[in-house]
């Protein structure tokens, strides 16, 4: 295996790097705040560029990361990740946007190409975590991702939507992290077709999200909404640190900690036994954190 | 295996319950705020009482939990915990104290008795996480625990002190969680002698800590110290969610989530790439988060 992960590894890396620059430029213009770009190298092989916008009027924290790493898994990493093949290559683009206004949803996206030994695959997706979900917003976000998927395979959206619900699930809370979107992993087969799909996703990564930002960035809020936002962000932290595979992979392979944990919110709260009062907007919000058939594609809503 | 975990299970349970009441009464008097007591049952077997003091003038959050649970591990729990024996019993007392004042250290203690099948053992310990560690405080805390240990076995403190440094370690940060204390697990053998030791630990669980509270509870602080406290609490969250065995065991065995995650701080922050300015109190603090021979017991400081 070459360090570049083969020709596809280089193409995916170039795509991620180009998209990082464009996405950062767009978000920066939207917020009026510059990103800070940190180039870093990984001692065991590879490196990346982490771009962070902190303390903007729109984004309390926005991180857009590109990393391309390779090397040999050590014993601890093998135990954590499974399998026996040690050599790996991974390149990807990931972003997490934590808005300041509790009415603007948090958004996550990640697209990646991985190799272990001779086995290579694509993974990725984008999902939405509103603190106060609005049905129209959720439908619009899902419909936009469905449109991207449908251009490549009409089977993608239903499959990846369901996968997203299953992946971003906190069993100890009995809740999904947010309202889902699409998630896929282990995509193998016609690499050209898969790359075309992933490149299309990357090209449109902000498209399903930006209308929601525009719609809610000037919504009025106070202490109450801020408190609920910090509570919901606690759940976000729980998911990322306990269950997220990307975080586990990154920490296990000696990735750059600050880049991996860039996904964590700037501030989060844990309040023992907090449950919203029935009938409030917060109680209503909690009903959204379960898989639902937003686009009405199934005869009956699918059960977990 | 009986539900009570055998005679020792019942004795340990009774000890934990008694100590919970006493510890809560002491902390409550110190803070001037009452604990809220929540009794709960675990569907698969057992239950507990979670006691929480929130938003007090001294403690921003203090949790003292007793749980006694038993049952059969499912497939997911077996994978997560290892081994093949399904039946388990666990009883224990745990507490995490998150003071409001950044100069008052966070304290954690946990003492437990576990069985899997016919195999039974004790575990436990107490460790200190100051945000702004003071050498005298750290030495006093360690010396107090050494005194408890020495009454039972002069080999305990050196062994359990080192174990604590190794256990409360964040490899992805290259930092210990705090300044250590004692930690032990898998203690098997003369159950009467071990119980006497654990009971002594439980009886003195606040003794090494309370002098530090009195010394620092009126220290003046501002935004700067609060910010550093929230940053350090982020590390606390990372340890508990990524590495802590008790948290993993609790979540994997379908424990009561609110009681397990009671250990998380009320508020925590993640700021990308934060490093204290050289020469500041915060930079000085960071030098404490590596194993050190506080009591000067070793010829040379032990290396990790």
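Protein chains in written order, with my numbering: chain A, 1 to 304; chain B, 1001 to 1304. All C-beta atoms, glycine included, are put in the ideal place defined by N, C-alpha and C. The model shown is predicted, which means the values in this text are computed figures rather than measured ones.
Residue i burial status per 10 Å Cβ neighbour count (16 or more: buried)
i	result
residue 1256/B	buried
residue 20/A	buried
residue 110/A	buried
residue 126/A	buried
residue 239/A	buried
residue 67/A	buried
residue 29/A	exposed
residue 1177/B	buried
residue 2/A	With a pLDDT of 46 at residue 2/A, under the threshold of 50, the modelled position of this residue cannot be trusted; read the value that follows with caution. So residue 2/A ends up on the exposed side.
residue 1166/B	exposed
residue 120/A	buried
residue 279/A	exposed
residue 268/A	buried
residue 1144/B	buried
residue 1037/B	exposed
residue 1153/B	exposed
residue 1303/B	Legend: pLDDT at residue 1303/B = 47, less than 50; position of this residue unreliable, value from coordinates given subsequently. The residue is exposed, with fewer than 16 neighbouring Cβ atoms inside 10 Å.
residue 1220/B	exposed
residue 291/A	buried
residue 1208/B	buried
residue 1218/B	exposed
residue 1254/B	buried
residue 174/A	exposed
residue 1282/B	buried
residue 1015/B	buried
residue 235/A	buried
residue 1137/B	buried
residue 1250/B	buried
Boundaries of the beta strand (DSSP E) in which residue i is found, first to last residue
i	result
residue 186/A	180-187
residue 93/A	87-99
residue 1114/B	1106-1116
residue 1125/B	1119-1129
Short Cβ contact (8 Å threshold) for residue i with residue j
i	j	result
residue 232/A	residue 131/A	yes
residue 59/A	residue 9/A	no
residue 1052/B	residue 288/A	no
residue 1213/B	residue 1064/B	no
residue 168/A	residue 180/A	yes
residue 139/A	residue 294/A	yes
residue 1083/B	residue 1045/B	no
residue 81/A	residue 1241/B	no
residue 1042/B	residue 1069/B	yes
residue 77/A	residue 252/A	yes
residue 1048/B	residue 1040/B	yes
residue 265/A	residue 1270/B	yes
residue 1087/B	residue 1117/B	yes
residue 97/A	residue 62/A	yes
residue 1187/B	residue 1122/B	yes
residue 102/A	residue 229/A	yes
Range of the contiguous alpha helix (DSSP H) that encloses residue i
i	result
residue 1234/B	1223-1238
residue 1273/B	Element bounds for residue 1273/B: n/a, residue is neither H nor E.
residue 195/A	191-203
residue 40/A	It is not in any alpha helix (DSSP H) - residue 40/A instead sits in the beta strand (DSSP E) that spans 36-41.
residue 242/A	Run containing residue 242/A: none; DSSP gives neither H nor E here.
residue 215/A	210-216
residue 147/A	135-150
residue 1282/B	1281-1286
residue 1258/B	1257-1260
Sheet register partners of residue i (DSSP bridge)
i	result
residue 176/A	169/A
residue 1061/B	1054/B and 1098/B
residue 1066/B	1049/B and 1093/B
residue 1268/B	268/A
residue 72/A	87/A
Below-8 Å beta-carbon distance, residue i vs any chain D residue
i	result
residue 1063/B	Among the protein chains of the structure shown, namely A and B, there is no chain D.
Mind checking the segment 1171-1188 of chain B against chain A and listing, in chain order, the residues whose C-beta falls within less than 7 Å of any C-beta there? 1172 and 1173
When Cβ atoms are compared, which residues of the segment 241-272 of chain A fall closer than 7 Å to chain B? From the segment 241-272 of chain A, only 241, 242, 251, 257, 258, 261, 262, 264, 265, 266, 267, 268, 269, 270, 271 and 272 have a Cβ closer than 7 Å to chain B.
Residues in the segment 16-38 of chain A having any Cβ partner in chain B nearer than 9 Å: When C-beta distances to chain B are compared with 9 Å, the residues of the segment 16-38 of chain A below that value are 36 and 38, in chain order.
With 8 Å as the limit, tell me which residues of the segment 42-56 of chain A have their beta carbon closer than that to any beta carbon of chain B; keep them in chain order. 50, 52 and 54
Please list, in chain order, the residues of the segment 1215-1243 of chain B that have any C-beta partner in chain A closer than 9 Å. 1230, 1234, 1237, 1238, 1240, 1241 and 1242
For the segment 1067-1092 of chain B, which residues have a CB atom closer than 7 Å to at least one CB atom of chain A, in sequence order? For chain A, none of the residues of the segment 1067-1092 of chain B brings a beta carbon within less than 7 Å of one of its beta carbons.
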